[in-house]
Amino acid sequence: MNVLPSATELQALVDKTFALYHALPGGENASYIPYLDSVPSRLAALVIVTADGDIYKAGDSDYGFAIESISKVATLSLLMEDVGPETVREKIGAEPTGLPFNSVLALCEHQDKPLSPLVNAGAMASVSLLNATSGEERWSRILDIQRRMTAGNVVLSDAINESEQTTNFHNRGIAWLLYAAGNCFCDPMEACEVYTRQCSTLVTCKDLAAMSATLANHGKNPLSGEQVLTPENIPHILAEMTMEGLYDYSGDWAFEVGLPGKSGVGGGLLAVCPGKLGIAAFSPPLDESGNSVRAQRMIAEVAKALDLNIYAA
113 MNVLPSATEL QALVDKTFAL YHALPGGENA SYIPYLDSVP SRLAALVIVT
163 ADGDIYKAGD SDYGFAIESI SKVATLSLLM EDVGPETVRE KIGAEPTGLP
213 FNSVLALCEH QDKPLSPLVN AGAMASVSLL NATSGEERWS RILDIQRRMT
263 AGNVVLSDAI NESEQTTNFH NRGIAWLLYA AGNCFCDPME ACEVYTRQCS
313 TLVTCKDLAA MSATLANHGK NPLSGEQVLT PENIPHILAE MTMEGLYDYS
363 GDWAFEVGLP GKSGVGGGLL AVCPGKLGIA AFSPPLDESG NSVRAQRMIA
413 EVAKALDLNI YAA
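In structure tokens:
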């Protein structure tokens with residue numbers, strides 16, 4: 113991999129990429145969650161945070177939006193700290209499902225085992241497996257890890273949470289299936305409720321870039337200086353992201369961009385270049401797989417310009 117350009121050159125790249133793709137047409141807001149459908153589609157942002165803590169940003173980088181499925185990365189990271197990667201692989205899995213992120217069929221075809229902590233079933237199983245004795249303790253620990261992996265200002269949005277909790281019937285069904293098969297390790301409705309809350313926090317594009325940079329920096333948050341995660345767990349987290357991070361498009365993303373990533377239906381997307389930097393982008397309109405159209409294009413452009421593809425190293 114090439115050495116990173118100067119600060120001036122990196123900011124120029126961010127500005128140029130944002131100018132090219134922040135208004136790219138195509139995609140639609142997630143309409144099945146009322147709150148997400150109401151977010152202005154014109155919003156967009158692009159942020160790089162390096163392993164040294166330098167920040168390069170453009171657009172609506174301080175706008176707070178729903179973290180959604182990107183929260184699964186933080187919860188998976190916490191679970192790795194609690195039980196270790198081998199227990200995560202044994203009890204939840206380390207395989208792509210080959211089906212949509214909320215698929216019931218994926219469970220039925222694999223004896224109700226979720227296969228991946230980055231699909232809804234696996235994320236609820238992850239919540240249930242955390243070291244906690246109550247729903248509030250699970251929630252408190254998840255919010256704490258989200259804050260420690262980001263820029264530190266993550267808060268729960270009551271509006272998003274209410275919108276999600278009143279429309280999460282499908283996930284409730286998945287939770288009961290997990291429980292019936294012995295793959296949910298606390299009360300299933302507790303796991304579903306806390307999982308829904310973890311998806312309902314507000315983050316900025318800067319927050320997501322900091323989370324990505326924490327993973328790039330061997331688990332040490334380059335903004336706070338805190339060693340948040342055990343370095344030995346990072347490769348396992350990045351492997352899970354490679355397999356399921358962008359839903360049905362994960363394989364194509366690895367093929368085209370070559371960086372572990374994670375998207376959320378709130379319009380956020382992050383990518384990790386180990387040892388170097390984290391990139392995050394945000395814009396609400398999504399493609400058919402649930403990934404932000406503009407965020408994908410912006411991150412792919414930055415990765416290409418900086419020669420970050422880890423498979424070309």
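For the sequence shown, the working numbering assigns the number 113 to the initial residue and increments by one for each residue that follows. Virtual Cβ for every residue (Gly too), placed ideally from N, Cα, C. Note that the structure is predicted; figures quoted are calculated from it, not measured.
Please state if the CB of ALA178 and the CB of LEU148 are separated by a distance shorter than 8 angstroms. yes
In the DSSP assignment, find the unbroken beta strand (DSSP E) run with TYR168 in it and report its ends. 167-171
Please report the residue range of the beta strand (DSSP E) in which VAL161 lies. 157-162
What does the alpha-carbon distance come out to for the pair THR313 and GLY376? 12 angstroms
Alpha helix (DSSP H) segment containing ILE391, residue limits: Segment 389-394 is the beta strand (DSSP E) holding ILE391; no alpha helix (DSSP H) there.
Inter-stretch contact at 8 angstroms, needing at least 3 Cβ pairs: the segment 167-178 / the segment 122-139: yes
Beta-carbon within less than 6 angstroms of ALA415's beta-carbon, same chain only, minus the 5 sequence neighbours each way: which residues are those? VAL369, LEU371
Would you verify that the beta carbon of GLU121 is, or is not, closer than 8 angstroms to some beta carbon of chain B? Among the protein chains of the structure shown there is no chain B, as only one such chain exists.
Identify whether ALA271 lies in helix, strand or coil by the three-state DSSP scheme. helix
Segment limits, beta strand (DSSP E) that includes VAL266: Careful: VAL266 lies outside any beta strand (DSSP E) and carries neither H nor E.
Endpoints, beta strand (DSSP E) assigned at LEU61: The displayed coordinates of the chain run from 113 to 425. Any statement about residue 61 would go beyond what the structure contains.
Please state whether DSSP places PHE297 in a helix, a strand or coil. coil
Return the first residue and the last residue of the alpha helix (DSSP H) that VAL200 is part of. 197-203
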